[in-house]
Structure formats: structure tokens, C-alpha cells
Amino acid sequence: MKNVIVILFAAAMLALAGCGTSEPEPTETPIPPTNTPPPTDTPPPPTDTPAPEIVGNPERGRALFENGGSHEDYKPRYACMNCHTLDGSEDNGPTLQGISMRAGETVSGLTAAEYVRQSIMEPRAYLVDGFSAMGSINSLILSEEEVDDLVAFLLTQ
Numbered sequence: 009m010k011n012v013i014v015i016l017f018a019a020a021m022l023a024l025a026g027c028g029t030s031e032p033e034p035t036e037t038p039i040p041p042t043n044t045p046p047p048t049d050t051p052p053p054p055t056d057t058p059a060p061e062i063v064g065n066p067e068r069g070r071a072l073f074e075n076g077g078s079h080e081d082y083k084p085r086y087a088c089m090n091c092h093t094l095d096g097s098e099d100n101g102p103t104l105q106g107i108s109m110r111a112g113e114t115v116s117g118l119t120a121a122e123y124v125r126q127s128i129m130e131p132r133a134y135l136v137d138g139f140s141a142m143g144s145i146n147s148l149i150l151s152e153e154e155v156d157d158l159v160a161f162l163l164t165q
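Remember, the working numbering sits 8 above the position in the sequence shown when you count from 1.
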């Protein structure tokens, strides 16, 4: 019986020695692709739209604002400064101080340049509370170039 125990013990030792101490190799599980981009340390580029190009000459626009246009029917009494100021006072009409900052937000869908142009050509289109509209003499006597110049000047205010 002693021999049987020795044989069983030896068989058990051989069985254990055959298993070894190494573990089975893991199999790789594929990772499904995702649509999420990897994180980056750099912020995305800005998406602001560039400012519209000013096509007029602001210096000539200032002269128009102060003295009126060059057309023979454009009398000095039609100069913009007879009814508008640039210093914030509203003695004779609405001030145009800061017009470049607020014009683009005044009428939904219009840029600052579009709003200023329309206000020059169609003064009754958008009225400032508390003021009446002047006549639309500008649309009759200002040339396209003069309107461009006046818009360019006002967008510097």
C-alpha cells in the first residue's frame, strides 16, 4: 500500500509540474470605432465672420455730413449735421454717436452698413422713438459714391 501512495503522490506531482506556473495568453478583443475625435489641447479656430469691407471714403463722408453733397440741388440746409450730432446731444434730432456699434443690432437681418445705407436712402424706414422722419431728399440727390462715403464715415462713429 505504501507503493500505491508513493505512486499516487508521484503522479500528482507530475500532473502539477505539467501545468506549470504560466497563465494562458489573453486574446485581444477589438475595440469598436467611435465618431468622437480624440481630445486636443488646442482650441478650435474662431468662426467669427470677417467685418464687411467698407467701400466708401470716410473723409469724403465727413465732408458730406458737415457740408452736404456736391449735387446742385443739395443745399447746405440738407447737411446731415443740421439734424444729427456726433457728440451724444439730441438738440435737433437723433445723435449718431456710437452708430457703428448699435447699427448692426438695430434691425434683425441687416448689417450695420446695410442699416445705415437704408436709413440714409429711406429715412422713414426705421424711426428713433421721439423723432419724426425727414424727407427722402437723399435718395434723389446723393450719388452712389456719396452714399458709400457717408456710410463709411458713419461706421467710424
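The beta carbon of each residue, even a glycine, is placed where N, CA and C say it ideally should be.
**Q.** Rounded separation between Gly112 and Gly101 - CA only
**A.** By 1-based counting over the sequence shown, the position of residue 112 is 104. By 1-based counting over the sequence shown, the position of residue 101 is 93. Rounded to the nearest whole angstrom, the C-alpha separation of Gly112 and Gly101 is 20 Å.
**Q.** CA nearest to the CA of Met129, picked from Asn65, Glu67, Cys88
**A.** As a first step, residue 129 must be located in the sequence shown, where it is residue number 121. Selected option, being the one with the closest Cα: Cys88.
(Q) Can you tell me whether Arg110 is buried or exposed? The criterion is at least 16 other CB atoms within 10 Å of its CB, across all chains shown. (A) Along the sequence shown, one-based indexing puts residue 110 at 102. Residue environment: Arg110 is assigned as exposed (fewer than 16 neighbouring CB atoms within 10 Å of its CB, all protein chains considered).
Q. Which value, in whole angstroms, describes the spacing of the CA atoms of Leu94 and Leu118?
A. Here residue 94 refers to the residue found at position 86 when the sequence shown is read from its first residue. Here residue 118 refers to the residue found at position 110 when the sequence shown is read from its first residue. Annotation: Leu94 to Leu118 spans about 22 Å, alpha carbon to alpha carbon.
**Q.** Leu162 beta carbon less than 7 Å from that of Val124
**A.** Locating residue 124 in the sequence shown gives position 116, counting from the first residue. Locating residue 162 in the sequence shown gives position 154, counting from the first residue. The Cβ-Cβ distance between Val124 and Leu162 falls below 7 Å.
Q | When Ala121, Val136, Pro131, Asn75 are compared against Thr103, the one with the closest alpha-carbon | A | Within the sequence shown, the letter at position 95 stands for residue 103. Comparing Cα-Cα distances from Thr103 to each of Ala121, Val136, Pro131, Asn75, the minimum goes to Val136.
Q: State buried or exposed for Glu154, treating a residue as buried only when at least 16 other CB atoms are found within 10 Å of its CB.
A: For the purposes of this step, residue 154 is taken as residue 146 along the sequence shown, with counting starting at 1. Glu154 comes out buried.
Q: Could you tell me if Ser127 is buried or exposed, where buried requires 16 or more neighbouring beta carbons within 10 angstroms of its beta carbon?
A: For this step, residue 127 is matched to residue 119 along the sequence shown. That one is buried.
**Q.** Limits of the unbroken alpha helix (DSSP H) element including Met129
**A.** The residue given as residue 129 occupies position 121 in the sequence shown. Note, Met129: alpha helix (DSSP H), 120 to 129.
**Q.** Burial state of Arg132, where buried means 16 or more other Cβ atoms lie within 10 Å
**A.** Within the sequence shown, the letter at position 124 stands for residue 132. Exposure of Arg132 is indicated by the presence of fewer than 16 other C-beta atoms within 10 angstroms of its C-beta.
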